[in-house]
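*Asks:* Dropping the structure in here first, questions after.
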Ligand SMILES: C[S@@+](CC[C@H](N)C(=O)[O-])C[C@H]1O[C@@H](n2cnc3c(N)ncnc32)[C@H](O)[C@@H]1O
């Protein structure tokens with residue numbers, strides 16, 4: 054089934070991706086308890102620690118579909134999604150301009166101790182989100198690109214070369230093997246990065262895994278309790294998603310409880326894949 058058909062079942066959230074600051078994003082997503090970045094944080098932390106120990110240097114992570122730098126905020130600081138919801142839904146921000154929000158956020162994040170030495174680069178199709186995340190100091194580097202539709206420019210290719218780990222939450226489905234096929238030649242020029250993607254169950258990761266296999270990668274799905282991404286926006290959305298899952302012959306047990314469910318895929322170069330995932334992330 055095509056991703057575009059599956060996406061049609063999901064509520065359209067694109068109106069909150071392109072604002073100049075994260076207030077609308079967090080206000081809207083608080084209504085559906087969007088929590089996958091929280092669930093992802095311990096796994097991403099473990100992978101960063103593992104790769105840092107191996108490299109004996111700070112790791113560079115690329116957050117694909119990074120939006121306003123949400124994963125960067127959680128990975129760099131001792132914060133969780135509740136903290137971010139509280140911060141960006143504060144009524145005191147109601148009448149602030151985006152510039153005032155950016156200034157206040159830079160100070161807010163500067164004052165919270167940094168808990169990771171990782172460098173975080175972001176890629177997202179939303180230029181306003183990338184600009185915000187760089188200006189607020191959440192991303193070390195960022196690039197606004199839609200690799201589903203555009204080529205990878207040379208400058209972006211150079212920015213991606215140091216990447217040791219590619220992470221994503223809530224992005225696969227918007228991006229497909231097309232984006233990965235354009236990124237992989239750039240990121241594998243030196244060291245070969247690992248890829249850690251949280252993927253909604255209704256999107257098959259297989260086409261991306263096959264693309265990665267052409268670059269010598271092995272992909273494994275973590276065998277564990279599923280990861281709750283968010284609640285359904287409406288009964289209609291839930292019905293639509295249940296239909297898409299059933300049409301692919303997938304069980305619908307988790308989603309019947311009212312939540313979109315994600316799975317975790319780790320893709321590593323063949324020569325790195327001997328160590329069991331559970332040993333690295335402790336599950
Ligand atoms: C559900 S949000 C997830 C954002 C963030 N990772 C999080 O978990 O909070 C999906 C993000 O994918 C981005 N996106 C959509 N299409 C994209 C594309 N073709 N390439 C890169 N990013 C894309 C959107 O702009 C949005 O920021």
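In our numbering, the protein residues as written are 54 to 336.
Note that the Cβ used here is the ideal one computed from N, Cα and C, for glycine as well.
Use the C-beta contact count for residue 267: other C-beta atoms within 10 angstroms, 16 or more gives buried, fewer gives exposed.
*Replies:* Working through the chain shown from its first residue, we reach residue 267 at position 214. By the 10 Å Cβ count, residue 267 comes out exposed.
*Asks:* Does the segment 245-263 come close enough to the segment 137-146 to have 3 or more Cβ pairs within less than 8 Å?
*Replies:* Verdict: no, contact absent.
*Asks:* Starting from residue 67, trace the alpha helix (DSSP H) both ways and give me its first and last residue.
*Replies:* Along the chain shown, read from residue 1 onward, the residue named residue 67 stands at position 14. From DSSP, residue 67 is part of no alpha helix (DSSP H); its letter is neither H nor E.
*Asks:* If contact is defined by three or more beta carbon pairs under 8 Å, each pair taking one atom from either stretch, is the segment 218-232 in contact with the segment 255-273?
*Replies:* Taking 8 Å as the limit for Cβ pairs, the verdict is that the segment 218-232 does touch the segment 255-273.
*Asks:* Is the closest heavy atom of ligand 1 to the C-beta of residue 310 under 7 Å?
*Replies:* Walking along the chain shown from the start, residue 310 turns up at place 257. Residue 310: no, Cβ never under 7 Å from ligand 1.
*Asks:* Count the other CB atoms, across all protein chains shown, that sit within 10 Å of the CB of residue 203; report buried if there are 16 or more and exposed otherwise.
*Replies:* Counted from its first residue, the chain shown places residue 203 at position 150. The residue in question, residue 203, is exposed, as its Cβ has fewer than 16 Cβ neighbours within 10 Å.
*Asks:* Can you give the Cα-Cα distance for residue 216 and residue 325, rounded to whole angstroms?
*Replies:* Here the question's residue 216 lines up with position 163 in the chain shown. Here the question's residue 325 lines up with position 272 in the chain shown. So the two alpha carbons sit approximately 16 Å from each other.
*Asks:* Using DSSP's beta-bridge definition, name the partner residues of residue 130.
*Replies:* Here residue 130 refers to the residue found at position 77 when the chain shown is read from its first residue. DSSP output for residue 130 lists 167 as bridge partner(s).
*Asks:* Going by CA-CA distance only, name the one from 316, 88, 311 that's closest to residue 254.
*Replies:* The residue you call residue 254 lines up with position 201 of the chain shown. Answer by Cα proximity: 316.
*Asks:* Classify residue 310: buried if its beta carbon has 16 or more other beta carbons within 10 angstroms, exposed otherwise.
*Replies:* As a position in the chain shown, residue 310 is number 257, starting the count at 1. Flag for residue 310 reads exposed.
*Asks:* Can we say the segment 100-113 touches the segment 59-74, given the rule of at least three CB pairs closer than 8 Å?
*Replies:* No, they do not touch.
*Asks:* Are the CB atoms of residue 67 and residue 129 within a distance shorter than 8 Å?
*Replies:* Looking up residue 129 in the chain shown gives position 76. Looking up residue 67 in the chain shown gives position 14. Contact: no.
*Asks:* Taking 7 Å as the cut-off, does the CB of residue 81 come closer than this to any heavy atom belonging to ligand 1?
*Replies:* The residue given as residue 81 occupies position 28 in the chain shown. Every heavy atom of ligand 1 is 7 Å or more from the Cβ of residue 81, so no.
*Asks:* Under 8 Å by Cβ, that's how I've got residue 125 and residue 191 pegged, so tell me the actual separation to the nearest angstrom.
*Replies:* Within the chain shown, residue 125 is the residue found at index 72, counting from 1. Within the chain shown, residue 191 is the residue found at index 138, counting from 1. Correct: roughly 4 Å between the Cβ atoms.
*Asks:* Helix, strand or coil, according to DSSP, for residue 222 in the structure here?
*Replies:* Here the question's residue 222 lines up with position 169 in the chain shown. DSSP places residue 222 in strand when its eight states are reduced to three.
*Asks:* Rounding to the nearest angstrom, what Cα-Cα distance links residue 92 and residue 303 in this structure?
*Replies:* Translated into positions along the chain shown, residue 92 becomes position 39. Translated into positions along the chain shown, residue 303 becomes position 250. Residue 92 and residue 303: Cα-Cα distance of roughly 23 Å.
*Asks:* What is the rounded straight-line gap between the Cα of residue 318 and the Cα of residue 252?
*Replies:* Numbered from its first residue, the chain shown carries residue 318 at position 265. Numbered from its first residue, the chain shown carries residue 252 at position 199. Spanning the two alpha carbons is a distance of roughly 8 Å.
*Asks:* So which of 87, 225, 298 has the shortest CA-CA distance to residue 135?
*Replies:* Mapped onto the chain shown, residue 135 falls at position 82. Answer by Cα proximity: 87.
*Asks:* So residue 121 packs on residue 75, CB below 8 Å; how close in whole Å?
*Replies:* What you label residue 121 is simply residue 68 of the chain shown in a count that begins at 1. What you label residue 75 is simply residue 22 of the chain shown in a count that begins at 1. Contact holds; Cβ gap of about 4 Å.
*Asks:* When the Cα atoms are used, what is the spatial distance from residue 177 to residue 196?
*Replies:* Stepping through the chain shown from its first residue, residue 177 is reached at position 124. Stepping through the chain shown from its first residue, residue 196 is reached at position 143. Answer to the nearest angstrom: the Cα atoms are 7 Å apart.
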